[in-house]
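Below is one structure, written out as structure tokens; the observations come after it.
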Amino acid sequence: MSRKASSIINALRKITKYRPSQNIIAISLVIVAIFLFGGGIYNVVIRPESAIIQRTGISFFLRSIHEQLLGESIIIMMLYAMGVAGLILIYRSSRFRRNPGQASLLLRIGMVLLIMSFIIIEATLYLQKIGT
């Protein structure tokens, strides 16, 4: 076997043995889920406008429940990310059993982020899409 062929085989062995860390896999899956839940596929396929100009100003939200603008999708993805960050902080607060002050602070911040994202998403859905 030639030297070049053996180096290619060694490189292939290294590539097949590589295992990314669990944190990288988890972060990647969360990012993909946020992209999908936020309407990323719709944005890629339909290519909507980012915003529309109305008499009252610039709007990032359409009144239709079956359509969305790019700006709306990005805002919703950021709100989903805020909710996920809140869930992560709530989870991390359980690691500080010996320091109840820090655990309580992380728990409160996580709850605030989670509740804020939920309320804003629901208010947006009701006021902009369903309500009058």
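Taking this note's numbering, the leading residue of the sequence shown gets 8, the next gets one more, and so forth.
For every residue, glycine included, the Cβ atom is placed at its ideal position computed from N, Cα and C.
Cα separation between residue 93 and residue 123?
Residue 93 sits at position 86 when you count from the first residue of the sequence shown. Residue 123 sits at position 116 when you count from the first residue of the sequence shown. Approximately 9 Å, taken between the alpha carbons.
Does the Cβ-Cβ distance between residue 41 and residue 84 come in under 8 Å?
Mapped onto the sequence shown, residue 41 falls at position 34. Mapped onto the sequence shown, residue 84 falls at position 77. Going by C-beta atoms, residue 41 is nearer than 8 Å to residue 84.
Going by DSSP, what residue range makes up the beta strand (DSSP E) through residue 64?
Start at 1 with the first residue of the sequence shown, and residue 64 comes out as number 57. Taken as a continuous stretch (DSSP letters only), the beta strand (DSSP E) holding residue 64 covers 64–66.
Which parts of the stretch 14–91 are runs of the alpha helix (DSSP H), unbroken and 4 residues or longer, counting only runs that do not cross its ends?
29–44, 47–53
Use the C-beta contact count for residue 109: other C-beta atoms within 10 angstroms, 16 or more gives buried, fewer gives exposed.
The sequence position of residue 109 within the sequence shown is 102, counting from 1. It is exposed - the Cβ of residue 109 has fewer than 16 other Cβ atoms within 10 Å.
Within the continuous alpha helix (DSSP H) that includes residue 121, where are the two ends?
Position 114 of the sequence shown holds residue 121. Unbroken alpha helix (DSSP H) run through residue 121: 107–131.
By a C-beta neighbour count over all protein chains shown, 10 Å radius and 16 as the cutoff for buried, is residue 56 buried or exposed?
In the sequence shown, the residue the question calls residue 56 occupies position 49. Exposed, because fewer than 16 other Cβ atoms sit within 10 Å of the Cβ of residue 56.
Do the CB positions of residue 44 and residue 58 come within less than 8 Å of each other?
Your numbering for residue 44 matches position 37 in the sequence shown. Your numbering for residue 58 matches position 51 in the sequence shown. Not a contact, by the Cβ cut-off of 8 Å.
DSSP three-state label for residue 102, please.
Numbered from its first residue, the sequence shown carries residue 102 at position 95. Residue 102 falls in the coil class under three-state DSSP.
With 16 other CB atoms within 10 Å as the buried threshold, where does residue 76 fall?
Reading the sequence shown from its first residue, position 69 is the one you call residue 76. Residue 76 should be labelled buried.
Whose C-beta lies closer than 6 Å to the C-beta of residue 131 among residues of the same chain, with five residues either side of it excluded?
Indexing the sequence shown from 1 puts residue 131 at position 124. Cβ neighbours of residue 131 beyond the five flanking positions: none.
Look at the alpha carbon of residue 96 and the alpha carbon of residue 114, and state the distance between them as a whole number of angstroms.
On the sequence shown, position 89 is the one that residue 96 refers to. On the sequence shown, position 107 is the one that residue 114 refers to. Roughly 6 Å between the two C-alpha positions.
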